[in-house]
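Asks: Sequence positions in the sequence shown follow this note's numbering and run 16 to 466. Glycine is no exception: its CB is placed at the ideal position from the N, C-alpha and C atoms.
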Amino acid sequence: MLSLSIQNCLRSRIGSRGIAPAEIGKYRSNLESARGSLESRRKSGRLGFFELPYNEGEAGRMEAAAREWKGRYDNFVVIGIGGSALGNIALQSALRHPNWNLLSAKERRGGLRLFVPDNVDPNLIRGLLDALDVKKTVFNVVSKSGTTAECLANYFILRRELERKAGKDAAKKQIVFTTDPEKGYLREVSRREGIPAFDIPANVGGRFSVLSPVGLLSAAATGISVKELLRGARTMAERCRTSPVLKDPASLYALVHHIYMKKGSPIHVMMPYSHQLRDMADWFRQLWAESLGKKLDRKGGQVFAGPTPVKALGVTDQHSQVQLYMEGPHDKVITFLSVKDFGGDVAIPARDGHYLGGKSLARLFKAEERATIAALSSQGRPNLAITLPKVTEESVGELIFMLELSTAIMGELMDINAFDQPGVEQGKLLTYALMGRKGFGHHLKSFRKWL
16 MLSLSIQNCL RSRIGSRGIA PAEIGKYRSN LESARGSLES RRKSGRLGFF
66 ELPYNEGEAG RMEAAAREWK GRYDNFVVIG IGGSALGNIA LQSALRHPNW
116 NLLSAKERRG GLRLFVPDNV DPNLIRGLLD ALDVKKTVFN VVSKSGTTAE
166 CLANYFILRR ELERKAGKDA AKKQIVFTTD PEKGYLREVS RREGIPAFDI
216 PANVGGRFSV LSPVGLLSAA ATGISVKELL RGARTMAERC RTSPVLKDPA
266 SLYALVHHIY MKKGSPIHVM MPYSHQLRDM ADWFRQLWAE SLGKKLDRKG
316 GQVFAGPTPV KALGVTDQHS QVQLYMEGPH DKVITFLSVK DFGGDVAIPA
366 RDGHYLGGKS LARLFKAEER ATIAALSSQG RPNLAITLPK VTEESVGELI
416 FMLELSTAIM GELMDINAFD QPGVEQGKLL TYALMGRKGF GHHLKSFRKW
466 L
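(1) If you draw a straight line from the C-alpha of SER266 to the C-alpha of LEU420, how long is it?
(2) Provide the residue(s) that pair with LEU352 in DSSP beta bridges, ordered along the chain.
(3) Chain D beta carbons: is any one of them nearer than 9 Å to that of LEU261?
(4) Around the Cβ of LEU270, are there at least 16 other Cβ atoms within 10 angstroms (buried) or fewer (exposed)?
(5) Give me the residue from LYS121, LYS326, GLU413 and ARG87 with the minimum Cα distance to LYS188.
(6) Mapping DSSP to helix, strand and coil, what is SER337?
(7) Along the chain, where does the alpha helix (DSSP H) containing ASP145 start, and where does it finish?
(8) In angstroms, rounded to a whole number, what distance separates the CA positions of PRO216 and GLY395?
(9) Using only the alpha-carbon positions, how far apart do ARG463 and PHE171 sit?
(10) For ASP263, does the count of other Cβ atoms within 10 angstroms reach 16, so buried, or fall short, so exposed?
(11) Is the segment 412 to 426 close to the segment 241 to 250, with three or more CB pairs under 8 Å?
(12) Give the C-beta separation of LEU428 and ALA49 to the nearest angstrom, bearing in mind that I take them to be a contact with Cβ-Cβ under 8 Å.
(13) Going by beta-carbon coordinates alone, are VAL131 and GLY95 separated by less than 9 Å?
(14) Express the C-alpha separation of TRP298 and VAL284 in angstroms, rounding to a whole number.
(15) To which residues of the same chain is ILE210 closer than 8 Å at the C-beta, ignoring the five residues directly before and after it?
(16) Below 8 Å CB to CB, which residues in the same chain sit around ARG76 once its five sequence neighbours on both sides are set aside?
(17) Could you check where the beta strand (DSSP E) with THR162 kicks off and where it finishes?
(18) In chain order, what residues of the same chain have a beta carbon less than 7 Å from the beta carbon of PHE319, not counting five sequence neighbours either side?
(19) For SER240, I'd like the list of residues in its chain whose CB is within less than 6 Å of its CB, leaving aside the five on either flank, ordered along the chain.
(20) What beta strand (DSSP E) runs, 3 residues minimum, are completely inside the segment 248 to 292?
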């Protein structure tokens, strides 16, 4: 079972920059109110991410689709961006071989290779086309609105390539949409052309959608057990719902960060000591930033609030970022993602009497993790640890749901709406105008001098 430790954020451990027990206790009622508010909105059907762990029927449908592709295709391409891509990448990194795409079909046991071209840089897409046999590829177009410019541009390009090389009929066999259940361009194309489509629930936002078909379809295609992922998420959901708020890991994680924001530490670093979990930090970075960075509170007052999430990786970033964290401004809280069992190890051979001989990489890795945590703590630098027994579908499901719920609770504590993203919209509207989309030209008038 996943565990959370906040001991290196407490005054008894790190001195005056730590949190006193009384500070935590005084927020009990705030946390209870936050959980109550979220539960009320869950029951009313407004917060669909709560229900995703229980959607086993959809999981079965995705796994059935993956079985049909097995042996017929080699590649699975996710055409999406942001919340329609980061979770897919994180699941793949965590739960598949680190060089998955280099393995043979036999070594992959029929699981498809995964590509997630989550940008419109022409060099990225040209490079993908150079390397990809489109006749052996399934394309998953992921956009809830069906209007995402980056997603549609790449879809049009890749579909053109597919039709050139495999014929127009290939679309019905090799393209699958993940989109809104009722409306939008992709849903219209699905109905008109008979292209299969999976639903993104209307009450689930993109950055909270990894446990929906947005993230799980590609996972199933590579052989990841989506049912185990959902089981882990359910375990965490029930644990958080039934635990006292100060023992609920999602609530406690949010509270510690909220207190430190009030103390002047708005920079929140996630540092996995697991190469498998490196992209979880990327996924979390979007979740935390887009949910909590807000100009207005829920009363409409200007607050310009929000933490700044930063990605680091142990041990790599001991050699790039840790100097700053040790001796720079006291404005950071660090989360270490830790793993007890790596599931394997590599021995370091003895050579020339060197002290490393006879040890192992796992021992060295854990020693560096312990040393970094101890060094930071000795300097009064607050840090938390989220520990997974082992990186498995179930433990990753637990981690995902905990961080999603913690983000929602953090929004309640900050009194902001954690489920919208108005700051993203203006850039989208200006992009539409610059690209000549009908009806959007007027958005350019107020921005001419910056364009």
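Replies: Quick answer:
(1) 8 Å
(2) PRO287 and ILE401
(3) Checking the listed chains, one finds no chain D in this structure; it contains a single protein chain.
(4) buried
(5) ARG87
(6) The amino acid occupying residue 337 in the given sequence is Val; Ser does not appear at that position. In the structure shown, VAL337 sits in a helix (DSSP, three-state: H, G or I).
(7) 137 to 146
(8) 44 Å
(9) 30 Å
(10) buried
(11) yes
(12) 6 Å
(13) yes
(14) 13 Å
(15) ALA186, LYS187, ILE190, VAL191, PHE192 and VAL204
(16) PHE213
(17) Segment: none, THR162 is in no beta strand (DSSP E) and carries neither H nor E.
(18) LYS310
(19) GLU408
(20) 282 to 287
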